[in-house]
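First the structure, in the form of structure tokens, and then the observations on it.
Protein chains: 2
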Amino acid sequence: MDFLQSNLIYFIPALGIVGLIVMAIKSAWVSKQDAGDAKMTELAGYIADGAMAFLKAEWKVLSIFVVFAAALLAYSGTIHEVNGKAIHSSWIISISFIIGAVFSATAGYIGMKVATKANVRTTQAARTSLKQALKVSFTGGTVMGLGVAGLAIFGLGGLFIVFLKIFNVVDVDSNEMRTAIEVLTGFSLGAESIALFARVGGGIYTKAADVGADLVGKVEAGIPEDDVRNPATIADNVGDNVGDVAGMGADLFGSYVATILATMVLGQEINVQDNFGGMSPILLPMVICGLGIIFSIIGTWFVTIKDDKSNVQTALNLGNWASMAITVVASYFIVMYMLPDGIISLRGVEFTKMGVFGAILVGTVVGAVMSVVTEYYTAMGKAPVMSIIQQSSTGHATNIIGGLSVGMKSTVIPILTLAAGIMGSYYCAGLYGVAIAAAGMMATTAMQLAIDAFGPIADNAGGIAEMSQLPPEVRERTDNLDAVGNTTAATGKGFAIASAALTSLALFAAFVGIAGIDAIDIYKANVLAGLFVGAMIPFIFSALCIQAVGKAAMDMVQEVRRQFREIPGIMEYKAKPEYEKCVAISTKASIREMMMPGAIALITPIIVGFIFGPEVLGGLLAGVTVSGVLMGIFQSNAGGAWDNAKKSFEKGVMINGEMFYKKSEPHKASVTGDTVGDPFKDTSGPSMNILIKLMSIVSLVIAPYISVGNAESNEMNCHAQTEMCVGMDSVDMGNCDLAKCMSMTPEACAAYCDSMKCTPEQKAACVKMMEAHKGIDMSECSGSSEACKDKANCKDKASCSGKTEACKSTCEKK
Amino acid sequence: MDFLQSNLIYFIPALGIVGLIVMAIKSAWVSKQDAGDAKMTELAGYIADGAMAFLKAEWKVLSIFVVFAAALLAYSGTIHEVNGKAIHSSWIISISFIIGAVFSATAGYIGMKVATKANVRTTQAARTSLKQALKVSFTGGTVMGLGVAGLAIFGLGGLFIVFLKIFNVVDVDSNEMRTAIEVLTGFSLGAESIALFARVGGGIYTKAADVGADLVGKVEAGIPEDDVRNPATIADNVGDNVGDVAGMGADLFGSYVATILATMVLGQEINVQDNFGGMSPILLPMVICGLGIIFSIIGTWFVTIKDDKSNVQTALNLGNWASMAITVVASYFIVMYMLPDGIISLRGVEFTKMGVFGAILVGTVVGAVMSVVTEYYTAMGKAPVMSIIQQSSTGHATNIIGGLSVGMKSTVIPILTLAAGIMGSYYCAGLYGVAIAAAGMMATTAMQLAIDAFGPIADNAGGIAEMSQLPPEVRERTDNLDAVGNTTAATGKGFAIASAALTSLALFAAFVGIAGIDAIDIYKANVLAGLFVGAMIPFIFSALCIQAVGKAAMDMVQEVRRQFREIPGIMEYKAKPEYEKCVAISTKASIREMMMPGAIALITPIIVGFIFGPEVLGGLLAGVTVSGVLMGIFQSNAGGAWDNAKKSFEKGVMINGEMFYKKSEPHKASVTGDTVGDPFKDTSGPSMNILIKLMSIVSLVIAPYISVGNAESNEMNCHAQTEMCVGMDSVDMGNCDLAKCMSMTPEACAAYCDSMKCTPEQKAACVKMMEAHKGIDMSECSGSSEACKDKANCKDKASCSGKTEACKSTCEKK
């Protein structure tokens, strides 16, 4: 055990490397699979090229941003003092930031690369059996999941070791350690910034292409989805990869890193005597999440089916629950092994290691409830989706009203669960509990992501089957996978928003500590104003996202209409549409439109923090978090419910005793809902996660620079002084001026008293008084006993009025 | 001046009576106008009967609620102590509550009564000229406005005088005064409860009828709006009266009362030496709003046009701005006359009377900006509505996306304005400034309401014209008025939400004071949980409202379809539809569906307050307010914009160089948006105002019962004790136990010291010490000087760890 104890820190990046090795093996396996005939590979090639083109365009823009931001960070690292307070930062934060950005981009790249290979191979596999198709698509998803988690753990764990060395950290409770963790924050900032742009840009891309392709193709030209004649169809399939795969990969990479980091920041504040040099609270989240990779790999073994009649959803659920259950059980032993016995304390809240395990359990339960509730509100056959179907019978408008109301209603249980989770995990282990709850929830990210990423791969596989005009049973098999993918996408979003909420709270707590405030009092007018402005940001952010989709989709519609009009023979399969033009429209629009929302998320906290100070910024963050979580749940669930209401028509639905199928009037109404829901569920809704986390991280990074003196301790001093004045007044100290004595040694004070001709009693009283009040500022101590008592009475500003001048002046200083 | 000074309080209800007298005169004038031919009076009769039937059904349910709630309040008034703290309430609060409820219902009744008379008379007047039609409809609106404002001022002012007598109030800063104002809160609670049910019930009624009538009539049967053959058309017209008139009347009555009351509660906390026995801060809001009635009457004189070509909007704007300008100017003189010179202070914030005037100015500017911005986002021809029109060209879905994004974007400037307004008015005059800003904004409620209520009257007039098959120029004139009414309805909503936000903040501040807390710290886990739950409530509330409309509209659709099917000859005008069945459906549905949202608003604060205490309830209120304001602005503006996008097609719109008119595909898409927007803008959106205010008032009423010991002063005591211990330890008091002395008179203490055989010096020290520390709890003062110092070092819980046991125990008690 001794070896493990002293080298535990090195096991962490090693766990990441294990994940990456398994990923490489699985990736090689996917590449080895049969990619099908020439037509299939040609189409898959278009998709892969389109996706790559987007990533390149995105990276070009983002690299400018990264260089610029890194320069700013490097500059900030050279500031070592603000308003007389020391700041423990370093220019190395910029390196950390760049590595975070590159890792995040790499995570997205890996996912997209394998997805664009797995898609066509899934199609080919679907020609033989559902079992094989699931295997290929899910393995593709697993590559993505392991890549993200492996890179994150390797990056965080590795950099942490490097920074401990660079900054010569010997003690946990030292400025060097603070610097190391502060610099590590840069990694998270880099990851989350890229995530925001990738999610928003990818989200706009995929939905612009999807909506555009559907509006002209399905509605106007009457050709099926994914028809090879539709010029926007390649862009649509590219969108699945850049939005649902690369975007989501970067998103979850950011979440994962932010969650672990927030727990580390809070862990650093905890003083414990353990076998890891006091580092156990810092290392714990990394160890749990690192082992979570291994448990996720174990979970993937459960994801397999017997034959075409097996239930794919059940297989995925089994794998998911298995990895979560193993993680929870293992967490118990990890916590018991790592944390010391006895009382652990953080910011005045005391807890035990059992409490820490309790918090992890709470986090897992919250995550599970969120997933189940999300599934209920968005799954086919359940009451909410049925109500939307019912309301489709009276037209487009009632369908929309139904979906909006389902989305709004779906916020209730998740929010109550989250509120209970916050209180519960805090009760278990204070703020550290809130953070570790999120970390526990995120431990199986590799598995979550495998399940999530499998969906768009199956979706793409179906697209390729349709475009290659393969036999219907192939499409049937991929459709089966795709339908399951829709549900897993929805539950994944529920999980993501829950973890984001808890992570934001942990970041929020970390921010409060570093900013030197100890309350965010919304009773103060300016903090409340901050809360209002913060709560508004998710609205404008969402508006910009869905508006961008609307605008880009209209451009797409015009282009597709133009091609149908100007290229003769498209409809007869004689001429090939200009796919690349549609790809270019989506690429250009998404890059252009992601700027503004990204800028809002990055710049708002900086402006508010520097102008109005940390407490108002705290109000802003609370507003963003609360409103962002609500808007995220509302939009994701409304979109998911609309989608499945539309899908229900494919098998036929009964409304008031009558059966309705595709192309019926109610189905048309349901298509409207689905189209409205597209940007909700794939662009703005999931972006809310990143928005709230990114704003918290930016605030955390700037916190030292906007930090203020501790307000409570000032107030304390005020009371202490007052009491002391009163006390002083009732003791005979002769000519001894206590204020002068305070800065002396007891001996010097005694000598001074002698020089002032005090009696021995007076001298003794003076020295005793001076020793008793060491460290208290005496500047206020003047005036009569009356004035002093007044000050003592003056408990707060409100009771000041009508009191004497001395009291008022004391109060005003508070 | 002397007479005015000593009798100012009696002038307040007198101003209310003046308003009511002018109302009676105008009402009589409306009744005297020609009601047109037999067919018109028959139709108007149906509408009036339907409206009356709804009000009766609603009152029946609400009277049960009122009796029940009044009993609870009466019981609560008999509790005079909770946890050892005295409560200054009285069972009379139940009477006050009942009067508030009755007045609110009366305000709605007056408005509806005159509206159902003015509608047909406006139709008749429109046969001659636009000028005359405007005069009749606007006079109808004025009756409503004056009725609401007059009743409110008369009720508040009159009851205040009565309560001052009943409770024998002689001093402003006395428990009697607190009781009088606490009891007056009941009036506001009664008013606001009825307002909630009236607004929600009326909102559901009107939109269920509207949507139902449109879906079958316009869309399926292809007959025009308001066609006499449509069985739901009478219900639709009734809806305008019960929702837009009675509902809005009760709503603004509640707002108006709540705003004034909140300012009074805060004013009571201010100690000033003035010519009104220190009551000037309490009386000021009533005087300003009372005189606002007179200024509103003056404003109505400006609302007149020359001929059919004159601009109605300009006339209304002139009247509106005139009354606002007069109010601001008059406020200056009122403030200067009433408030004393020198520093005024509330809860530690100091300001002058100039600051109070500044706050009123800020409030008026905020209200004006909100109106202008709302108009921009919802008016025809402006960019936002044009963008929706543009997006209608690609179908239903893009129209919806466009409207949603306009609604979300429209929150930005209002929220920034509001945030600036909060900070500005606070800067001017502290929390009193925030409250008086709202009161200043609400002073011209009579005028606002006249402008608002004129819209539905004109709408009804148009309906009657259509149903009576009058010549097209009549409908043209009423359409002109109706279009203006749509804009004024939107701007009125902007104004209402701004005033509600400020009022809620003032109520929030009042709540904090009475609940005995002095911070609402969202950094605490449970308060943050409260914030989350609070922010969720507007979502579920909105969901319930729009779902209710959807459900009721579907019932309506089924009934209309049934009548078309089963009653032969309807289409040929040979058989009369069964209007009353449709009226009954709307009535029943709205009464049934208003229960749940109402219950949520009323019960949530009670549950949260009693279980989790005032600070968590404060978090909940902040969440409701912030999210409610955002959802209110979002929904109202999205609805308004969709409505006017649809209306734009009537005159034809150009999209990409092509003209589109009614019945074109883009127009059909715009109808979908309008239908979705209906419940947004007329049911859930405007209910947000009342929701946030009602929850604040409920909290204010229960505040004394959930009040906690003042946290800060406890902490203070802790510091004081510690200091005292240390001080005590350094003074020689012999055998004198200071803790015992603390409860004695100085003489008794001296005697006690003698009995303990103290020296004269020890005795003197003990008495001096005891006198100096009067009022400080001594229970903690034991132990050595070392332990005491430890306690002194123990500034907060965080610094506790590692300290001695004594320190820890002190900290834990904090």
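Protein chains in written order, with my numbering: chain A, 308 to 1121; chain B, 308 to 1121.
Backbone N, C-alpha and C fix where the C-beta goes; we use that ideal spot for every residue, glycine too.
For clarity, every value in this text was computed on a predicted model and none was experimentally measured.
The CB of A:Asp-828 comes closer than 9 Å to the CB of Asp-825, Ala-826, Ile-827, Asp-828, Ile-829 and Tyr-830 in chain B, given here in chain order. Against chain B, the beta carbon of A:Gly-702 has neighbours under 8 Å at Leu-522, Val-526, Thr-979 and Thr-982, listed in chain order. Per DSSP, the unbroken alpha helix (DSSP H) holding A:Ser-694 starts and ends at 690 to 699.
A:Leu-653 carries a strand assignment under DSSP once its states are collapsed to helix, strand and coil. Under DSSP, the beta-bridge partners assigned to A:Phe-658 are A:Ile-651.
Between A:Gly-561 and A:Glu-657, the C-beta gap is not smaller than 8 Å, which leaves the two residues out of contact. For the 8 Å CB-CB criterion, A:Cys-852 and A:Ala-539 do not form a contact. For A:Gly-930, the nearest beta carbon of chain B is closer than 8 Å to its own beta carbon. Contact annotation for A:Ile-722 against chain B: Phe-839, Val-840 and Met-843 [CB-CB distance below 7 Å, chain order].
B:Val-427 and B:Asn-787 have their C-alpha atoms some 16 Å from each other. Interface annotation for the segment 878 to 904 of chain A against chain B: empty, criterion Cβ-Cβ distance under 7 Å. Excluding sequence positions up to five before and after B:Asp-581, its CB lies within less than 8 Å of the CB of Ser-587, Met-645, Leu-646 and Pro-647, all in the same chain and listed in chain order. One finds Gln-697, Gln-698, Ser-700, Thr-701 and Thr-705 in chain A with Cβ atoms closer than 9 Å to the Cβ of B:Met-861, taken in chain order. B:Met-754: member of the alpha helix (DSSP H) spanning 752 to 774, first to last residue. The C-alpha of B:Ser-897 lies about 5 Å from the C-alpha of B:Tyr-512. When CB distances to chain A are screened at a threshold of 8 Å, not a single residue of the segment 458 to 474 of chain B falls below it. For A:Ile-319, the enclosing alpha helix (DSSP H) starts and ends at 309 to 339. From the beta-carbon of B:Pro-986, the residues of chain A found nearer than 7 Å are Ile-708.
Here A:Leu-503 is not near A:Phe-404, since their CB atoms are 8 Å or more apart.
Residues of chain B with a Cβ closer than 7 Å to the Cβ of A:Leu-725 are, in chain order, Phe-839.
Interface criterion not met: the Cβ of B:Ala-817 is under 8 Å from no Cβ in chain A. DSSP places B:Phe-967 in the uninterrupted beta strand (DSSP E) bounded by 965 to 967.
Listed along chain B, the residues sitting closer than 7 Å to A:Ile-729 by beta-carbon distance are Ala-832, Leu-835 and Ala-836.
Of B:Asn-314, B:Ile-641 and B:Val-864, the smallest CA-CA separation from B:Ala-528 is found for B:Val-864. The count of Cβ pairs closer than 8 Å, one atom from the segment 465 to 484 of chain B and one from the segment 802 to 818 of chain B, stays below three, leaving the stretches out of contact. The C-alpha of B:Gln-870 lies about 12 Å from the C-alpha of B:Gly-524. Contact annotation for B:Met-330 against chain A: no contact, minimum CB-CB distance about 37 Å [criterion: below 9 Å]. Counting along the chain, A:Ile-962 sits inside no alpha helix (DSSP H); it lies in the beta strand (DSSP E) bounded by residues 960 to 962.
In this structure, A:Arg-782 sits near A:Gly-769, with a CB-CB distance shorter than 8 Å. Within the same chain, Cβ atoms closer than 8 Å to the Cβ of A:Lys-333 are found at Thr-446, Thr-449, Val-450 and Leu-453, the five residues on either side in sequence being excluded. Interface residue (Cβ-Cβ distance to chain B less than 8 Å): A:Tyr-1059 is not classified as such. Sequence-ordered contacts of the segment 905 to 934 of chain A with chain B read Gly-925, Gly-926, Ala-929, Gly-930, Val-933 and Ser-934 [C-beta pairs closer than 8 Å]. Secondary structure at B:Asp-828: strand, using DSSP grouped into helix, strand and coil. Pairing B:Gly-550 with A:Met-861, the inter-Cα distance amounts to about 38 Å. Between B:Ile-827 and B:Val-834, the CB-CB gap stays under 8 Å. Spatial neighbours of A:Gly-905 in its own chain (CB-CB distance under 6 Å, excluding positions within 5 residues in sequence) are listed in chain order as Leu-503 and Phe-504.
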